[in-house]
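Participant: One structure, pasted below without further comment.
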Amino acid sequence: MDIGFLKTSIVGFVQTHQAYAPFVLGLMTFAESLAFVSLLLPTMTIMIAVGFVIAAADIPFWQVWAGAACGAFLGNWVSFAIGQRYKKAVYETWPLSRNPKLIMRGEDFFQRFGPWAVFLGRFFGPIRAVIALIAGIFLMPVVLFQAANVASASVWAFIILAPGAGLAQYWLW
Numbered sequence: 001m002d003i004g005f006l007k008t009s010i011v012g013f014v015q016t017h018q019a020y021a022p023f024v025l026g027l028m029t030f031a032e033s034l035a036f037v038s039l040l041l042p043t044m045t046i047m048i049a050v051g052f053v054i055a056a057a058d059i060p061f062w063q064v065w066a067g068a069a070c071g072a073f074l075g076n077w078v079s080f081a082i083g084q085r086y087k088k089a090v091y092e093t094w095p096l097s098r099n100p101k102l103i104m105r106g107e108d109f110f111q112r113f114g115p116w117a118v119f120l121g122r123f124f125g126p127i128r129a130v131i132a133l134i135a136g137i138f139l140m141p142v143v144l145f146q147a148a149n150v151a152s153a154s155v156w157a158f159i160i161l162a163p164g165a166g167l168a169q170y171w172l173w
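Just so we're aligned, residue 1 is where the sequence shown starts under UniProt numbering, counting upward by one.
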């Protein structure tokens, strides 16, 4: 199987099922933003590659961006709610129980940057997995959390999808 055939097959599949693209990206970014799941799934690399595929399949960028941003927003919201509800007891839950240094780094990051930690944390791989959870544990005001959550999800989704979508017309396709 050559790379040209593989590329044509993937783009053809995505074009045929493009109505599902925003939903699929939303699920991927939801998982990437959910406290426990994001430690297990390395979806960042996949998301960057998806930018190329959506451009090649002629799917409107704003649709997939909206799906990705919504998924990221909801994943952080659920993580925040879990932190509010279960407090530090979640630290004893796998896979967090196997990453005490990550928890310490997340708490230090949150203490250092306060509300900005939610916005900034989305852009730093390991911290992204715990920062919304920690914000909930430390009882960050919901309105402040959601403002940072919406803003960071929107910017983050754009940053991970736009390079592939923008470069696809010049590269490989």
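All residues carry an ideal CB built from backbone N, CA and C; glycine is no exception.
#1: With burial defined as no fewer than 16 other Cβ atoms inside 10 Å of the residue's Cβ, what is the status of Gly114: buried or exposed?
#2: Cutting at 8 Å between CB atoms, please list the residues of its own chain near Gln84, excluding the five before and the five after it.
#3: Start and end of the alpha helix (DSSP H) containing Ala31?
#4: Give the single residue among Gly166, Leu161, Ala165 whose Cα lies nearest to the Cα of Met47.
#5: Verify the CB distance criterion: does Ile54 have a CB-CB separation below 8 Å to chain B?
#6: Where Ile159 and Asp108 are concerned, what is the direct C-alpha to C-alpha distance, given to the nearest angstrom?
#7: Am I right that Phe73 and Asn149 are in contact with their C-beta atoms under 8 Å? What's the rounded C-beta distance?
#8: How would you call Ile59, buried or exposed, if buried means at least 16 neighbouring beta carbons within 10 angstroms?
#9: Could you tell me which whole alpha helix (DSSP H) segments of length 4 or greater appear in the region 33–95?
#10: Return the Cβ separation of Gly67 and Leu25 in integer angstroms, given the expectation that the two are a contact with Cβ distance under 8 Å.
Facilitator: Taking the structure as given:
#1: exposed
#2: Gly136, Ile137, Leu139
#3: 21–33
#4: Leu161
#5: The chain inventory of the structure shown lacks chain B, comprising one protein chain alone.
#6: 26 Å
#7: 6 Å
#8: buried
#9: 43–56, 61–86
#10: 4 Å
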